[in-house]
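A short write-up of the structure that comes next.
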Amino acid sequence: MLKIYNTLTKQKEEFKPINPGKIGMYTCGPTVYDFIHIGNIRAYTTPDVLRRYLEYQGFEVRHIKNITDVGHLTQDDIDQGDTGEDKIERKALAEKKTPEEIARFYEDAFREVEKEMNILPAQYFPRATAHVPQMIQMIERLIEKGYAYEKNGNVFFDVTKFPEYGKLSGNTLEKLKVGARLEEHPDKRNPWDFALWLKAPKEHLMKWDSPWSVGYPGWHIECSAMSTEYLGDTLDIHTGGEDNIFPHHEAEIAQSECATGQKFSNYWIHTRHLLVDGEKMSKSKGNFYTLADIKKKGFSPMALRLAILSAHYRSQMNFTWNALYQAQANLDSINNFYNRIINYAPSESDKFSNLTVADFVKNFREALDDDLNTPLALSVILELVNHGNKLMDEGLMGNPAEVKKTLETFAKILGLRLEGIVVPQEIIDLAEERKEARTGKDFQKSDELRNKIDEMGYIIEDLKDNNYLIKKK
Ligand SMILES: [Zn+2]
């Protein structure tokens, strides 16, 4: 039984879907004005593992991930995201391209990174710019019900009308009042009201007609409008990075619950920040890494995935190059084992013993059932690898096909792409011939056969008792 930590209730809860067998999951996707960094990759890996694990258990998961191609403003880290420039427009001006060209380029780049990271594609990636009518409709509903107000062509959500504001982040209005001062918009009633619609200045490139002004949507409304469109009023699961909790997700709850009168999401799952060498990532510090930087240093995307899985999603992962070396080494040993087990033909002695995979399956599931404990699940895989290697060395592996299948299942749930090679029969025949030569202490023949295998593009690694492992060069 899966137990997962819910940011809304601040405890681990048994996961129960709204409809038996089916799950609706929404993930806040990227703002497409730049390449995503490894912290973003980590935040998209969490819902991917969750989805893979739920699918393994037979659930049908409908996963929606939005593409923010408008309205995300540059000042959002210091206030509600209602002021400042549009990041996509700023990039478009700098690169002398249209906002649409910028958005499509980085959307494609994002999709490519997800593919390389073996993150399953969402069933749908709705773009904000294609859903402005749905946003306008939701804003109209909020105005009708008295939760939002218009002034000078701008529309704001009145946070004082939603007593539950702050239930996700803990930032209730009483707490916010004593906290930092916001730069106030002259049309706002209360400083913590947030924008649903903003009137566009003349130079603004992306703007739409609306009942209030020619303008553009505020930062938060797109996720409420698009999740309702594709998943209905109540979601099973909503995920994002911890930086999304406030104000973005708090605002999503306020908008959606006031518009529909229903609970917005049953489970809120947030991935913590990733640090690089103990520090926050930033472009100015030069520790802002993308997948391209990881590959440039010779690491595979799967090594990065394994490094990410080595830290629990709710712990503050510290990325270091050393940790990545370790992850690559672990990945290599998993792949070598996979390679070996694919090509392993049990001998007479093997046939009397089997590796008990049931214990490994039980431990693996228990690890993931406990709030997706991926580091523990990984250690179960490495244990299987060590144990399996030992048994093969000793000639005590009677069920390689079953062990192979178990490893493949574990890897699929964690999203690790295994790279095994099927060795051609003629290479295996040569290796067997060499094994015989070695058993008969004919080392000259053994060396000749090794060279022959080498010329054919394979390497033979000697193990205990004249057993061997074949690898591709
Ligand atoms: Zn969102």
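Residue numbers 22 to 494, in the working numbering, belong to the letters of the sequence shown in order. Idealized CB from N, CA, C, for every residue including glycine.
Restricting to Cα atoms, I'd like to know which of Asp-371, Asn-357 and Thr-260 is closest to Leu-29. Within the sequence shown, the letter at position 8 stands for residue 29. Looking at the Cα atoms, Thr-260 is the closest of the given residues.
Taking DSSP as the reference, what is the three-state secondary structure of Ser-374? Residue numbering aside, residue 374 sits at position 353 when the sequence shown is read from its first letter. The answer is coil: DSSP assigns Ser-374 none of H, G, I, E or B.
Could you check if His-291 belongs to the surroundings of ligand 1, using beta carbon to heavy atom distance under 7 Å? As a first step, residue 291 is located in the sequence shown; it is residue number 270 there, counting from the start. It does not: the Cβ of His-291 is nowhere closer than 7 Å to a heavy atom of ligand 1.
Compute the Euclidean distance between the alpha carbons of Lys-182 and Glu-243, then round it to the nearest angstrom. Within the sequence shown, the letter at position 161 stands for residue 182. Within the sequence shown, the letter at position 222 stands for residue 243. Approximately 21 Å, taken between the alpha carbons.
Determine the direct distance from the alpha carbon of Trp-240 to that of Ala-124, and round the result to whole angstroms. Within the sequence shown, residue 124 is the residue found at index 103, counting from 1. Within the sequence shown, residue 240 is the residue found at index 219, counting from 1. Here the alpha carbon of Ala-124 sits roughly 16 Å from the alpha carbon of Trp-240.
Glu-263 CB to nearest heavy atom of ligand 1 below 7 Å: Numbered from 1 along the sequence shown, position 242 holds the residue referred to as residue 263. Glu-263 Cβ: outside cutoff for every heavy atom of ligand 1.
Quick check: the Cα distance between Leu-226 and Gly-478, rounded to an integer number of angstroms? Numbered from 1 along the sequence shown, position 205 holds the residue referred to as residue 226. Numbered from 1 along the sequence shown, position 457 holds the residue referred to as residue 478. The straight-line gap from Cα to Cα measures roughly 57 Å.
Could you compute how far the alpha carbon of Phe-320 sits from the alpha carbon of Pro-212? In the sequence shown, residue 320 corresponds to position 299, counting from 1. In the sequence shown, residue 212 corresponds to position 191, counting from 1. For Phe-320 and Pro-212, the distance between alpha carbons rounds to 47 Å.
Going straight from the alpha carbon of Lys-198 to that of Asn-192, what length do you get? To locate residue 198, count along the sequence shown from 1; it is residue 177. To locate residue 192, count along the sequence shown from 1; it is residue 171. Per the coordinates, the alpha-carbon of Lys-198 lies some 10 Å from the alpha-carbon of Asn-192.
Does at least one heavy atom of ligand 1 sit under 7 Å from the Cβ of Glu-273? The residue you call residue 273 lines up with position 252 of the sequence shown. Annotation for Glu-273 indicates a beta carbon within 7 Å of some heavy atom of ligand 1.
Assuming Thr-66 contacts Arg-326 under a Cβ cut-off of 8 Å, what Cβ separation, rounded to an integer in Å, is found between them? Reading the sequence shown from its first residue, position 45 is the one you call residue 66. Reading the sequence shown from its first residue, position 305 is the one you call residue 326. The Cβ separation is near 7 Å, so the contact holds.
Any idea if Gly-102 is buried or exposed, counting beta-carbon neighbours within 10 angstroms, 16 or more meaning buried? For the purposes of this step, residue 102 is taken as the residue at position 81 of the sequence shown. At Gly-102, the pLDDT of 46 sits below 50, so the modelled position is not reliable; the number obtained from the coordinates is stated separately. It is buried - the Cβ of Gly-102 has at least 16 other Cβ atoms within 10 Å.
Rounded to whole angstroms, how far is the Cβ of Pro-268 from the Cβ of Ile-362, which I believe are closer than 8 Å? Residue mapping note: residue 268 aligns to position 247 of the sequence shown, counting from 1. Residue mapping note: residue 362 aligns to position 341 of the sequence shown, counting from 1. Rounded, the Cβ-Cβ distance is 50 Å, inconsistent with contact.
Can you tell me whether Pro-238 is helix, strand or coil according to DSSP? Mapped onto the sequence shown, residue 238 falls at position 217. The answer is strand: DSSP assigns Pro-238 an E or B state.
For Thr-377, does the count of other Cβ atoms within 10 angstroms reach 16, so buried, or fall short, so exposed? The sequence position of residue 377 within the sequence shown is 356, counting from 1. Its Cβ having fewer than 16 others within 10 Å, Thr-377 is exposed.
Do the region 151-169 and the region 277-286 meet, that is, are 3 or more Cβ pairs less than 8 Å apart? Judged by Cβ distances under 8 Å, the region 151-169 makes contact with the region 277-286, as three or more pairs qualify.
Presumed contact (8 Å Cβ cut-off) between Leu-219 and Tyr-237, rounded CB distance: On the sequence shown, residue 219 is found 198 positions in, with the first residue counted as 1. On the sequence shown, residue 237 is found 216 positions in, with the first residue counted as 1. Indeed, because the Cβ distance is near 6 Å, the residues count as touching under 8 Å.
Report the residue from Ala-324, Gly-419 and Ile-355 whose alpha carbon sits nearest the alpha carbon of Asp-371. For the purposes of this step, residue 371 is taken as the residue at position 350 of the sequence shown. If you compare the alpha carbons of Ala-324, Gly-419 and Ile-355 with that of Asp-371, the shortest gap goes to Gly-419.
Considering only the alpha carbon of each residue, which of Leu-189, Gly-253 and Leu-405 lies closest to Lys-383? Against the sequence shown, residue 383 aligns to sequence position 362. The residue with the shortest Cα to Cα distance from Lys-383 is Leu-405.
I'd like the list of long-range same chain contacts for Lys-112, defined as Cβ closer than 6 Å, with 5 residues on each side in sequence excluded. For this step, residue 112 is matched to residue 91 along the sequence shown. Once the five neighbours on either side are set aside, the close Cβ partners of Lys-112 are Tyr-54 and Ile-123.
Are Ala-328 and Ala-348 closer than 8 Å when you measure CB to CB? Counting from one through the sequence shown, the residue named residue 328 turns up at place 307. Counting from one through the sequence shown, the residue named residue 348 turns up at place 327. Yes.
Under the criterion of a Cβ to heavy atom distance below 7 Å, does His-269 qualify as lining ligand 1? As a first step, residue 269 is located in the sequence shown; it is residue number 248 there, counting from the start. The answer is yes for His-269.
Kindly indicate the opening and closing residues of the alpha helix (DSSP H) around Arg-162. Residue mapping note: residue 162 aligns to position 141 of the sequence shown, counting from 1. Residues 153-165.
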